[in-house]
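Engineer: After the structure tokens below, expect a handful of questions from me.
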Ligand code: SF4
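Numbering (our numbering), first residue to last: 19 to 154.
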């Protein structure tokens, strides 16, 4: 799917956040991802590096980064991007394109999930009798 094809946001909050159920950071202390008051210098760099390392093993990293950029999330490490990393990006990016990228990434994620579910009658995303995953 090319950019510009998904115009609407998901209709439910569950769909909007569906990818978060797969987040690697669900298993760790979330304070690793957020800067305490007054944190700076080497201590901040070490904490962010540790958070980014967890993001590096996360299977929803790209979606997470796209979300944080699209919503202009000001705090924390998301998708392997620190607050400064995202600030650099959003300074020169178009917010509408960032939102479109997130919607498209979310739609692609939903399609992947649909393919990994067992086939059911009335499943509009998978033809009846089709194999368990995408073909080609
Ligand atoms: S990319 Fe990082 S912040 Fe985002 S869900 Fe995964 S582990 Fe959490």
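For glycine and all other residues, C-beta sits at the position ideal for the given N, C-alpha and C.
For residue 18, which of helix, strand or coil comes out of DSSP?
Structural biologist: The displayed coordinates of the chain run from 19 to 154. Any statement about residue 18 would go beyond what the structure contains.
Engineer: Short of 8 Å in beta carbon distance, which residues of its chain neighbour residue 154, apart from the five on each side in sequence? Order them along the chain.
Structural biologist: The sequence position of residue 154 within the chain shown is 136, counting from 1. For residue 154, the pLDDT reaches just 34, beneath the cut-off of 50, and the residue's location in the model is therefore unreliable, although a value from the coordinates is still provided. Contacts found: none.
Engineer: Going by the beta-carbon positions, is the gap between residue 96 and residue 86 smaller than 8 Å?
Structural biologist: Looking up residue 96 in the chain shown gives position 78. Looking up residue 86 in the chain shown gives position 68. A contact, by the Cβ cut-off of 8 Å.
Engineer: Can you have a look at residue 120 and say buried or exposed, based on whether 16 or more other CB atoms are within 10 angstroms of its CB?
Structural biologist: For the purposes of this step, residue 120 is taken as residue 102 along the chain shown, with counting starting at 1. When all chains shown are included, residue 120 counts as buried.
Engineer: Would a C-beta distance cut-off of 8 Å place residue 79 and residue 73 closer than the cut-off?
Structural biologist: Numbered from its first residue, the chain shown carries residue 79 at position 61. Numbered from its first residue, the chain shown carries residue 73 at position 55. In contact: residue 79 and residue 73 (Cβ atoms closer than 8 Å).
Engineer: For residue 130, verify whether its CB is less than 7 Å away from any heavy atom of the ligand SF4.
Structural biologist: Stepping through the chain shown from its first residue, residue 130 is reached at position 112. Incorrect: residue 130 has no Cβ contact closer than 7 Å to the ligand SF4.
Engineer: Quick check on residue 50 - is its C-beta less than 8 Å from some C-beta in chain C?
Structural biologist: Among the protein chains of the structure shown there is no chain C, as only one such chain exists.
Engineer: State yes or no: is the C-beta of residue 81 within less than 8 Å of the C-beta of residue 35?
Structural biologist: For the purposes of this step, residue 81 is taken as the residue at position 63 of the chain shown. For the purposes of this step, residue 35 is taken as the residue at position 17 of the chain shown. No, the Cβ-Cβ distance between residue 81 and residue 35 is not below 8 Å.
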